[in-house]
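Quick notes on the structure that follows.
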Amino acid sequence: MDAMVLAAMAKWPDVPAVYGFLALDARGRWWLKGERVANAALTGFLARNYAIDAAGRAYVQNGPQQVFVACACAPRVIRREAGLWRAEPDGATGSVDALWLTPDGELYAAFAGSLALVDDRELVSLADEILPGWNGDEATLPAAVELDGQRVPLACCAADALAVRFALQLTPRGP
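Going from the sequence shown to our numbering is simple: count from 1 and add 679.
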């Protein structure tokens with residue numbers, strides 16, 4: 680987090696949290712009061728001060744105030760960049776430890792200790808790589824796939840069940 684944010688937290692520890700103001704879409708893009716955030720300085724600030732708390736709620740620390748984030752699918756959206764898995768919105772990098780395919784065709788991953796949605800623009804190339812020749816029948820889905828030089832478990836699971844499994848509150852609500 681930014682040093683100025685940490686200093687503000689220490690100076691004003693009891694500022695009430697904000698809900699319903701910020702959102703993250705299925706591609707990891709920021710939305711503020713229903714408008715897409717395009718300002719690079721603002722998206723950079725949001726990314727640097729983004730976190731997930733122990734209750735499974737994504738938030739941005741805005742000075743002394745936590746601004747909780749409504750996540751469309753997961754707190755992170757990942758895609759490959761130069762051979763690495765990189766997450767939006769915070770730029771975290773890491774490896775994929777497990778994969779889940781939903782009935783809607785979304786692909787989720789265990790990534791950096793939490794749940795991430797695989798960016799939909801990755802799906803065709805990733806499916807060709809890890810599921811060559813798969814016919815789309817859930818009964819023939821392999822239990823594990825080769826990804827980035829390691830065997831990664833693969834299973835079918837509904838998105839809402841994954842949020843429960845990872846103890847996430849995708850749409851935090853105020854008291």
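Quick reminder that beta carbons are idealized off the backbone N, C-alpha and C, glycines included.
What separation, rounded to the nearest whole angstrom, lies between the Cα atoms of Q745 and G699?
Locating residue 745 in the sequence shown gives position 66, counting from the first residue. Locating residue 699 in the sequence shown gives position 20, counting from the first residue. When the Cα atoms are used, Q745 and G699 turn out to be separated by approximately 12 Å.
To the nearest angstrom, report how far apart D798 and A823 are at their CA atoms.
As a position in the sequence shown, residue 798 is number 119, starting the count at 1. As a position in the sequence shown, residue 823 is number 144, starting the count at 1. If you take the alpha carbons of D798 and A823, they lie about 20 Å apart.
With a cut-off of 8 Å on the beta carbons, I'd call L794 and L711 a contact; round off their distance for me.
For the purposes of this step, residue 794 is taken as the residue at position 115 of the sequence shown. For the purposes of this step, residue 711 is taken as the residue at position 32 of the sequence shown. Approximately 23 Å separates the beta-carbon atoms of L794 and L711; this is outside 8 Å, ruling out the contact.
Determine, using beta-carbon pairs with one atom in the region 796-810 and one in the region 771-788, whether at least three such pairs fall under 8 Å.
Contact between the region 796-810 and the region 771-788 is present: 3 or more CB-CB pairs across the two stretches fall below 8 Å.
Closest by CA to W830, which one among R844, C750, I809 and G815?
The residue labelled residue 830 in the question sits at position 151 within the sequence shown. With the sequence shown as reference, residue 830 is identified as Arg, and Trp is not the correct amino acid for it. Measuring from the Cα of R830, the nearest candidate turns out to be I809.
Compare the C-alpha of A818 against each of S804, L833 and G828 and name the closest.
Within the sequence shown, residue 818 is the residue found at index 139, counting from 1. Among S804, L833 and G828, the Cα nearest to that of A818 belongs to L833.
With which residues is Y787 paired in a DSSP beta bridge?
For the purposes of this step, residue 787 is taken as residue 108 along the sequence shown, with counting starting at 1. Per DSSP, the beta bridge partners of Y787 are W779 and L796.
For A749, which three-state DSSP category applies?
For the purposes of this step, residue 749 is taken as residue 70 along the sequence shown, with counting starting at 1. Residue state, collapsed to three classes: strand.
Once you ignore the five residues that flank G770 on each side, which residues in its own chain have a CB closer than 7 Å to its CB?
Taking the first residue of the sequence shown as 1, we reach residue 770 at position 91. Take G770, set aside five residues on each side of it, and the residues of its chain with a beta-carbon closer than 7 Å to its own are A726, in chain order.
Suppose contacts are defined by Cβ-Cβ distances below 7 Å. Is A705 in contact with C752 by that definition?
Taking the sequence shown and counting its residues from 1, one reaches residue 705 at position 26. Taking the sequence shown and counting its residues from 1, one reaches residue 752 at position 73. For the 7 Å CB-CB criterion, A705 and C752 form a contact.
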